[in-house]
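Colleague: Here's a structure for you.
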Amino acid sequence: MNYCIIGNGVAATAAVEAIRELDEEGRITVVSAEPYPVYSRPLITYLLSGKVDEGDMLYRDEGFYQRKKVDLIMKRAVSIDTEEREVLLEDGG
Numbered sequence: 010m011n012y013c014i015i016g017n018g019v020a021a022t023a024a025v026e027a028i029r030e031l032d033e034e035g036r037i038t039v040v041s042a043e044p045y046p047v048y049s050r051p052l053i054t055y056l057l058s059g060k061v062d063e064g065d066m067l068y069r070d071e072g073f074y075q076r077k078k079v080d081l082i083m084k085r086a087v088s089i090d091t092e093e094r095e096v097l098l099e100d101g102g
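Residue numbering for the sequence shown follows the working numbering, starting at 10 and increasing by one per position.
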């Protein structure tokens, strides 16, 4: 089975983990417009005030995507073609 998750927040992370509990081999692709791995958005104010650094912001460690066998595409999705089962990216990909 192929899975495509648009967005890379906490819900996307939970979806990846839930999928992997049921399907260890299915292809998972996460598409995110942000150029960062999943991070804790509530900590942004702490980052700005200097109470935490960027490493403290990560919601999952850097090896998360590799361990869960996730293809992470850091590009903006602009449309979804449900008939063709394709996601069009901003750069045409």
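Note that beta-carbon positions come from the ideal geometry of N, C-alpha and C, so glycine has one too. Since the model is a prediction, treat every value here as computed from it, not as a measurement.
1) Can you look up T91 in the DSSP assignment and give me helix, strand or coil?
2) Between which two residues does the alpha helix (DSSP H) harbouring D65 extend?
3) Where F73 and E26 are concerned, what is the direct C-alpha to C-alpha distance, given to the nearest angstrom?
4) From what residue to what residue does the alpha helix (DSSP H) around L31 run?
5) Might you give, ordered along the chain, the residues of its own chain that have their beta carbon closer than 7 Å to the beta carbon of G35, omitting 5 neighbours on each side?
6) Go to Y12, then tell me how far its beta strand (DSSP E) extends in each direction, as first and last residue.
7) Could you have a look at R76 and say whether DSSP puts it in helix, strand or coil?
Modeller: Quick answer:
1) In the structure shown, T91 falls within a coil segment according to DSSP collapsed to helix, strand and coil.
2) Run containing D65: 63-66, per the alpha helix (DSSP H) assignment.
3) Distance between the alpha carbons of F73 and E26: 10 Å.
4) 19-31 is the extent of the alpha helix (DSSP H) around L31.
5) Within the same chain, M10, N11, Y12, I28 come within 7 Å of G35 by CB-CB distance, once the 5 residues on both sides are set aside.
6) Segment 11-15, the beta strand (DSSP E) holding Y12.
7) Correct three-state label for R76: helix.
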